[in-house]
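Residue numbers (my numbering), protein chains in the order written: chain A, 112 to 334; chain B, 112 to 334.
Glycine residues also receive a C-beta, built at the ideal position from the N, C-alpha and C atoms.
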DNA sequence: ATTACTATAGATCGAGTAA
DNA sequence: TTTACTCGATCTATAGTAA
């Protein structure tokens, strides 16, 4: 049992609320059942599942049992807590997971235009390594992209060369697998399922990334 | 549907992570299913349940649907978040609910011993009204008592009179229904389901308490 | 007291499919 | 494409009870 079913996570949470993360707590299946508003048998079964999944340790006496949450159990709770922090603390960051894909090389062309480079330097604080790192995000997560655009980021203004016009883009400071960079969203364009990242470093090389690798991108909203 | 089943709360959480607390999000039951790692039918059913429970609003188009979390839904998530905060943020206070019961009068004897009274005055800052107010807590909550003892409180040392020895006790500043006082835990003794409170005032009289009345006790750890 | 098994009742899931 | 129905399969809950 690797990923915890919702009702088992809730049970683990109740145990944590009773102090089982810091100490062994003495609790009978009947008492837990009362807390969970279910039957003694169900509470007993849940404890067995959690024990099998190594989320808790138990010391069974003739009466009661001493229960403590394991490191694995704490991690499960911590992950859940992180998600709630993301929901409520939002203004600070948005997290995407995605996989590395190859672009069509046009990223290099754009990121070398001095009209963009100068602005990147003053507004983002770095000169990007030529090219963009393209990360394909889960289709569903484009909802988060809409959120970003609504929220607003760092604006890179359009400019014109003697040949053509380069459009406005919106940037957000971001990290990819903890490395500093920024994502770049074309001002006009529908929400795509590809995120384009720029960075002062050659990310593929620095992070040893290949197509298909899973990466985590954290986007910072508070500039 | 008043209280949310665990799997529905998880679904609500996923929607919130996709931004549905701040905006309408566009999502198909199939996409949600993928996110929840379940079937399209189940995702659809969950959305119906959440809609019926007024946790979300939906606008169904010919494709997709626009979903936003209602105030009721936000509250449900916020409550869950609070519980996680309680687990992870080191608690600065512990809350008990219990009912007033009568002791056997020995509280008065102890709280009048000058060996205790002098220490109460210097370490707690008040001279207790003679007697203890006894509050019976939910049996399961004695786990929280263990937490308290591990955490450590204000120590009142043992002392000896010409007749006998009075044992060490541990105190915590506390309020009972917002009135100032302290709880007193005998150093040796197993965790009981009775809390003994002392206070500068005659609490029964001041708060018009009778046996069987429900009271709330807040114990402060940071001191 | 307990914990936790068995057996059955009940809830939930998802393939198939209509609209 | 969608959403969401039906209904048999599967999972979960609990009464009864042994240890």
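Outcome for residue i when other beta-carbon atoms lying within 10 angstroms are tallied against a minimum of 16
| i | result |
| --- | --- |
| residue 225 of chain A | exposed |
| residue 325 of chain A | exposed |
| residue 198 of chain A | buried |
| residue 169 of chain B | exposed |
| residue 158 of chain B | buried |
| residue 112 of chain A | In this prediction, residue 112 of chain A scores a pLDDT of 40, lower than 50, which makes its location untrustworthy; the coordinate-derived value is nonetheless stated afterwards. Result: exposed. |
| residue 253 of chain B | buried |
| residue 297 of chain A | exposed |
| residue 164 of chain A | buried |
| residue 256 of chain A | buried |
| residue 327 of chain B | exposed |
| residue 124 of chain B | buried |
| residue 284 of chain A | buried |
| residue 148 of chain B | exposed |
| residue 190 of chain B | exposed |
| residue 121 of chain A | buried |
| residue 171 of chain B | exposed |
| residue 176 of chain B | buried |
| residue 299 of chain A | exposed |
| residue 146 of chain B | buried |
Start-to-end residues for the beta strand (DSSP E) that takes in residue i
| i | result |
| --- | --- |
| residue 308 of chain A | 305–309 |
| residue 244 of chain B | 244–248 |
Paired residues, beta bridge with residue i - DSSP
| i | result |
| --- | --- |
| residue 177 of chain A | A:137 and A:170 |
| residue 271 of chain A | A:276 |
| residue 157 of chain A | Note: residue 157 of chain A sits in no beta bridge, so no partner. |
| residue 325 of chain A | A:210 |
| residue 185 of chain B | BP columns for residue 185 of chain B are empty, so no partner. |
| residue 283 of chain B | B:294 |
| residue 330 of chain B | B:205 and B:285 |
| residue 265 of chain B | B:282 |
Span of the alpha helix (DSSP H), counted from its first residue to its last, around residue i
| i | result |
| --- | --- |
| residue 125 of chain A | 117–128 |
| residue 217 of chain B | 217–222 |
| residue 148 of chain A | Segment: none, residue 148 of chain A is in no alpha helix (DSSP H) and carries neither H nor E. |
| residue 226 of chain A | 225–230 |
| residue 320 of chain A | Element bounds for residue 320 of chain A: n/a, residue is neither H nor E. |
The ligand GTP heavy atom lying under 6 Å from the CB of residue i
| i | result |
| --- | --- |
| residue 172 of chain B | As far as ligands go, the structure on display features none, and thus does not contain the ligand GTP. |
### Message
Under 8 Å, with one C-beta from each stretch per pair, do the segment 303–314 of chain B and the segment 235–244 of chain B reach the 3-pair mark?
### Response
yes
### Query
On the three-pair Cβ rule with 8 Å, is the segment 206–216 of chain B touching the segment 178–189 of chain B?
no
### Message
Is it the case that the segment 142–152 of chain B contacts the segment 249–259 of chain A, given that we only count it when at least three CB pairs across the two stretches are under 8 Å?
### Response
With a cut-off of 8 Å, the segment 142–152 of chain B and the segment 249–259 of chain A count as touching, because enough Cβ pairs lie within range.
### Task
Give a yes or no on contact between the segment 282–299 of chain A and the segment 260–268 of chain A, applying the rule of three or more CB pairs nearer than 8 Å.
With the cut-off at 8 Å, the segment 282–299 of chain A and the segment 260–268 of chain A touch.
### Message
Would the segment 274–293 of chain A count as touching the segment 213–220 of chain A if we require 3 or more Cβ pairs under 8 Å?
### Response
no
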